[in-house]
Every structure is written in C-alpha cells, then in structure tokens.
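Participant:
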C-alpha cells in the first residue's frame, strides 16, 4: 500500500470526522465473475443483494444512460498505468425506472498475475451538487480530495495511522471491524488508551511498549509480519498479522509518525488446528482399517509401522512386521526394493506388483500402491498392499475384453469428435469468440438469444467454481505443459439447471514469442455421464434391499460424526438393532416375505429417527442408527422405545400376519475419546445383554462388566418401559 499522509497538517477533527458510508465496488477485468459490490451499491440502485436481475459480471454497464455509455466505455477499456486514478459522473437507471446521477471515484492497478483491478466507490449527486464537465470529470471531487479516504475504507486490511507522539490520527472502517472498536474509542487516542489487549502466539500478554507500532515509534525501524492475538472489548478473540512502518514528512523528510496495517488471520490459525486433527485422523485411518497398510523407511527399507490387517495377513509370529525389511518379504529381494524406492522418490507415487513371502512360507502376489509422505519432517513411503493372487485368473480374462473395449472407445471418441458437437473459436489476444449453433443448444439457447457473442458469454454462463479450474488448465496449455486444453465444467441452462460439458481445445496459432493467438475447440454434453457416476456412487453406499446406508457407508459416516461431535463437545449415540424371531419368519413364510419384512422394519426405524441421524442396514436382520449431537445420552431411549413398540405390533406381509420383536443395544463415547471400534463394541455388548434379558427391549452399555440386568439402573434397561411391574429379566 502506498499511503501518502502529511500528519503535521491534520487536526483531530479533520482526521477522525465521521463521513458517509462509502458505496464500494471492485471490478476484475479478466475474471469479472470475481467482481465485488458493497451492500451500498444495491441500496443506491434499488436492488436486493440476492436479486438475480443485477448481473454482477456486468455491474451497472447495462444500467447506463445511453448518452453516458460511450464515455464510460472509453474510460473503462482504455489502457491505464498502474495505480491510475479515475473520476467520472454519469447517470444510472434506478430499479424504479428513474435516472440517478452518480460520481465514480476509482483507482486502477495491476496484480502480479496480470489481472487489472479497478477499486472505487460511487456517490450519488443531487441537484445542489456540481455535476461533471464534458469530459466526465467531477469538479466537486477534484476539489474535495476524498479519493484517499474512500479508497482507504475499501481496503481489506485494517489501517491505523499514528503521529509522532503516538496518537491515532487516521484509521479505516476495516480497522474498527477487526479490533471491535468504535470510532470514538480509537479517534485521537494513544496506544495505551485503546480498550484492546494483545497476546503473543504463545499466549503471553504483551505490554503496550512491545506492540509493533510502539516499537517503530521508539526505534524508527520497520516491523513486519508480527502475529498477535487481540482481545476485543466485547470479549471476542481474533488473530492478526501486523506490519508497522515509519512515516516521514514529505517536505522535510523528518520522522512524522507510524502507519500500522493488519489482517485478520483467524482462518490460518484454524488451518493449523485442522492440520493437527488430520495427523490424528491419519493415525486412526492407518491402523483402524481392514486395509494392509505398511510404513517404510526409504533409506534402508525397514518397516517402521504396520496396520493390524498387515500383521494378520503376513503372520510373522516372532515379533511381527515392524523391524523387518522389505527384502524379508519380497521374493526378488534388495534389487526390487531399490528399484521401487527410487521410482517413488522420483515420482511421489507408484503402483506395482510384487511377490511377497508370508510368515508361513506361502508366496502371494501383491498389488502395492505406494506414496511418499512426510511425518515430523522425515520422508517415508506409505504402501497399501492388496492380495491379488486370486484375481490373476480374472485379470487374464479381462485383458482381452479391455483391449477390445479400448478399441471400441477409440472408435467412439473419433465418431463423437466428428459429430455435430458444440464448437468454439477464440482470439486469445482480442477476446473475439465464435460459437456454432449446437454450442448454444447445449444450454437451451439460440445464438441470437446469446448475442452479442464474446468471451464474456462463456464467463457469464460457466459455473463460478469451475472458472478457476478452467483458467488453470488453459495456462498449462499456454505454457506448453499440455498439447491441448481439457476441462469438465458446469454451464447454466436456460431453465436454470446446470449442464455438465466437456470443454476441449487446442492452440492453433502462436506468435513469434510463443504466445497463443487463436484457439479452437468443442463442447460435448456429458450431463448423462455425470448422472451415471453419481448413481454409481449412490449404489456403492446403499443397501439395495432397504435403500438404507450399507455397512461401508455406515463405517465412513461413524468416523466422521465422531470427529464432528468432538469439535462441538456433544455426545454421539449408537443403536445396534437385531430382529427377534426373524429366522422363524423365513422358515415359516419364505425368504420373499422375510425380505419384505426387512423393508418394513427399515421404514419403521427411519420414521422414528431424526433427519440428521444415520440409519444403516449392516447385513441380515441387523441394523444400526447413529444419533449425532446429543445433549443427553438417555434421550436415545425415546426412539428406541418407539421402534420396539412399532416392530412388536403384528405386521401384515403379503397377507400373512407376522410377529417379531427387536432388541437394541445402545452405547456412546463417554469421554469424547471413543473410536468407531470401541463404540460399536460397546453397543454390541449392550445388544447381547438385551437378548439375554428376554429380547424385544433396549439396554444401555454400562462400563464395568455387569452380567445381570438386575444390577442396572431402571432407566438403563428398556424392559422397565415395557413392563413396569416386572422386576425380573
């Protein structure tokens, strides 16, 4: 930031006078989807911020008075030097149909990536104010000198300026927001007088003399990148990164004060916490899984860690896997180790097939998926091994089928490429673009409806989240890293839905300096393909009989919910449910009736659970329910009781009256430190107790190995809710 301030000319009244709230905006020339408009812009023009009639990529261009549009376009499109200033007046159509005159005060600067950004503000001019001259320049604002203050208030960083005596003489609105102060609490105050207190990163409080601004006042030396915690007056806490620089009088060059700028970095601090959580998650994912995971030191091939599944598969009784080396397993010995380690270190990841010798001497073929990871500043190779010995026969059968499929796919690609796909041509330097009619049809339009056509047409209809991905793919092509551009993007259809397209193109003309001049390519509608992919993902996570989550999805969700509950310091409750006398139903009425009974029971369970609960069928007649964010674990008795009552009623299946019951075991993470395995194990013990106590009831898991229901509190056993007079199991 280049802020020129002559502190000797300022007074307390001038420096801290309250002004009108600026109507801010920010335009991005190359990526208009990033355009920003302050709330005041919508209020000025009569629009609601959520109003779809206001096109953020175009801003107010479509609202310009016809007589003012030409001069605005000339100023907007002209090449400008970095940090150039612009002042214009023009008329805009208010949403109520009336014309309002506004003054546009802006500065234009170029980012390191070549993006040109216009930052500024609008001010409405009334009849009593002097309007623009014939060249669009405002005499009023030329005399006013308000541009500096308005642009200061548009900054995303907080800025506070101190004079040589350490008194606040200027600040912006962002500084007030970050510090949680009012203007009166900061205006004309010295650092010790402000109500905020500060701490270092280690939590140690700072004295006022240790603050960056005070140190610069004392030393005249710049302070940069200082991370501090701020205790706001309202009790809230925030992390900031502070820069403090000395200011000097423009005429005399003498020390004149300090400018302090600071940014809110709470998100960065949260990311550090998330990193620690990910490390813990990795530890759990490594061990608590059926995958064969091994951690190898690439220096000597020594195994430094192994999952329980790996220990069980290899079956070394004399100490297990840890401490052995890969050549102890690999039939090809050290040469195989050196070859694969070198490849992983070079590429970062590798998949390969080897033959491993188990502890009993048996040779098994392993598909090894290896990747380079870093733990505690040391590099290791993490491998997930898959025993593919039994798959070899099927692989041989599939090879020929895959070869034929690849040939068919190649022919299909050629046919698709030659069909009437949506095509585009783009002059990279001028932005001029041409589309064919099919390109418009894919999103439900005709070319006439989309006109006038330009690169902005693509930017306007592409999903904002996909623009960055598309831009990155284009830059790789422009740099010669890929021979063609390809990206899957969403485009807004005329009916409001999103259409998936495969966008492909190639640079067909370069200039003498290897800069791209022209590109051409195609759009192919891949929405059906995306729908199929989504359906495949759904089927992979769903029990096909009942439509509930399957065991795979249940295990995944249980782990995630445990993490979420820890973050919110809530309890998670797991219900394991098992039908009573289900085998008799199958034996008496047949498996079709049994299947329909399972579907009916699944509906009963879902009906008595919350929308946020995870209901799953684990297999056979066993179900599970995860209840997240529970304040009182005993509240789980309510849905458990309802499910028991509904399942216990006579059910009519294909004209047959079916009588079954259901037993339920209930467990929780008592101290918020439980794992998926432990909470499942506890619920299973409680289910076993419910079965032993006469079935068709629920029991809570109680730590301590209680074998008899008589030793439990009444509230912990569902038999009391069902039979209040019965005190025996």
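Residue numbers (UniProt numbering): 1 to 729. Even glycine gets a Cβ: it sits at the ideal position worked out from N, Cα and C. Small disclaimer: the values here were computed from a predicted structure and weren't measured.
1) Looking at the structure shown, is residue 653 part of a helix, part of a strand, or coil, going by DSSP?
2) Pull up the distance between the alpha-carbon of residue 297 and that of residue 303, whole angstroms please.
3) Classify residue 466: buried if its beta carbon has 16 or more other beta carbons within 10 angstroms, exposed otherwise.
4) Residue ranges of each beta strand (DSSP E) run of no fewer than 3 residues wholly in the UniProt domain "PAS" (149 to 186), ordered along the chain?
5) Which word fits residue 314, buried or exposed, when buried means at least 16 other C-beta atoms lie within 10 angstroms of its C-beta?
6) Compare the C-alpha of residue 185 against each of 629, 642, 169 and name the closest.
7) Report yes if the CB atom of residue 624 is closer than 7 Å to the CB atom of residue 548, and no otherwise.
8) Under 8 Å: do the stretch 610 to 624 and the stretch 547 to 565 share three or more Cβ pairs, one atom per stretch?
9) Is residue 109 near residue 102, with beta carbons less than 7 Å apart?
10) Report the residue from 164, 569, 354 whose alpha carbon sits nearest the alpha carbon of residue 632.
11) Under 6 Å Cβ to Cβ from residue 579, same chain only, skipping five residues before and after it: list those, please.
12) What do you reckon, are the CB atoms on residue 72 and residue 54 nearer than 7 Å?
13) From which residue to which residue does the alpha helix (DSSP H) around residue 219 run?
14) Would you tell me roughly how many angstroms separate the C-alpha atoms of residue 212 and residue 267, rounded to the nearest one?
15) Mind checking which residues open and close the beta strand (DSSP E) that includes residue 625?
16) Taking just the CA atoms, how far does residue 86 sit from residue 104?
17) Per DSSP, what kind of secondary structure is residue 143 in: helix, strand or coil?
18) Tell me which residues share the same chain as residue 291 and place their Cβ nearer than 8 Å to its Cβ, disregarding the 5 neighbours each side in the sequence.
19) Using the Cα positions of residue 222 and residue 612, report the straight-line distance between them to the nearest angstrom.
20) Can you tell me whether residue 491 is buried or exposed? The criterion is at least 16 other CB atoms within 10 Å of its CB, across all chains shown.
21) Give a yes or no on whether the minimum CB-CB distance between residue 501 and chain D is below 7 Å.
22) Given a cut-off of 7 Å, decide if residue 691 and residue 701 are closer than it, judged by their beta-carbon atoms.
23) Output the boundary residues of the alpha helix (DSSP H) element that contains residue 586.
24) Pull up the distance between the alpha-carbon of residue 233 and that of residue 40, whole angstroms please.
25) Between the beta-carbon of residue 369 and the beta-carbon of residue 329, is there less than 7 Å?
26) Evaluate residue 667 with the Cβ neighbour count: other Cβ atoms within 10 Å of its Cβ, from every protein chain shown; 16 or more gives buried, anything less gives exposed.
27) Which residues mark the beginning and the end of the beta strand (DSSP E) in which residue 485 is found?
28) Which residues bound the alpha helix (DSSP H) around residue 646?
29) Between residue 67 and residue 75, what straight-line distance do the alpha-carbon atoms span, to the nearest angstrom?
30) Could you tell me which whole alpha helix (DSSP H) segments of length 4 or greater appear in the stretch 446 to 523?
31) Suppose contacts are defined by Cβ-Cβ distances below 7 Å. Is residue 601 in contact with residue 647 by that definition?
32) Quick check: the Cα distance between residue 502 and residue 689, rounded to an integer number of angstroms?
33) According to DSSP, is residue 810 part of a helix, a strand, or is it coil?
34) Determine the DSSP secondary structure at residue 109, reduced to helix, strand or coil.
35) Would residue 382 and residue 373 be called neighbours here (beta carbons separated by less than 7 Å)?
36) Could you give the C-beta distance for residue 424 and residue 523, rounded to a whole number, given that I count them as a contact under 8 Å?
Facilitator: A quick look at the data gives this:
1) For residue 653, the three-state secondary structure derived from DSSP is strand.
2) The alpha-carbon separation between residue 297 and residue 303 amounts to approximately 6 Å.
3) Residue environment for residue 466: buried (at least 16 other C-beta atoms within 10 angstroms of its C-beta).
4) 158 to 163, 168 to 171, all fully within the UniProt domain "PAS" (149 to 186).
5) Result: buried.
6) The candidate whose alpha carbon is nearest that of residue 185 is 169.
7) No, these two residues do not count as a Cβ contact at 7 Å.
8) A contact exists between the stretch 610 to 624 and the stretch 547 to 565.
9) At least 7 Å separates the beta-carbon of residue 109 from that of residue 102.
10) Checked all of 164, 569, 354; the closest Cα to residue 632 is 569.
11) Result list for residue 579: 621, 660, 662, in chain order.
12) Residue 72 places its beta carbon 7 Å or farther from that of residue 54.
13) First-last of the alpha helix (DSSP H) with residue 219: 212 to 219.
14) CA-to-CA, the gap between residue 212 and residue 267 works out to about 22 Å.
15) Per DSSP, residue 625 belongs to the beta strand (DSSP E) from 622 to 630.
16) Just so you know, the alpha carbons of residue 104 and residue 86 end up roughly 8 Å apart.
17) For residue 143, the pLDDT reaches just 38, beneath the cut-off of 50, and the residue's location in the model is therefore unreliable, although a value from the coordinates is still provided. In this structure, residue 143 counts as helix in the three-state DSSP scheme.
18) Here the set comprises 307, 309, 384.
19) Approximately 53 Å, taken between the alpha carbons.
20) Answer is buried; the Cβ neighbour count reaches 16.
21) The structure shown contains no chain D; it is built from a single protein chain.
22) No.
23) Note, residue 586: alpha helix (DSSP H), 582 to 589.
24) Between residue 233 and residue 40, the C-alpha separation is close to 28 Å.
25) In this structure, residue 329 does not lie closer than 7 Å to residue 369 by Cβ.
26) Buried, since its Cβ has 16 or more Cβ neighbours within 10 Å.
27) Start and end: 485 to 492.
28) Start and end: 637 to 648.
29) Per the coordinates, the alpha-carbon of residue 67 lies some 14 Å from the alpha-carbon of residue 75.
30) Segments of the alpha helix (DSSP H) lying fully in the stretch 446 to 523: 447 to 450, 455 to 461, 464 to 478.
31) Yes, these two residues count as a Cβ contact at 7 Å.
32) Roughly 57 Å separates the two Cα atoms.
33) Because the chain spans 1 through 729 in this model, residue 810 falls outside it and cannot be assessed.
34) The answer is strand: DSSP assigns residue 109 an E or B state.
35) Yes, these two residues count as a Cβ contact at 7 Å.
36) Yes, residue 424 and residue 523 are in contact; Cβ-Cβ is about 7 Å, under 8 Å.
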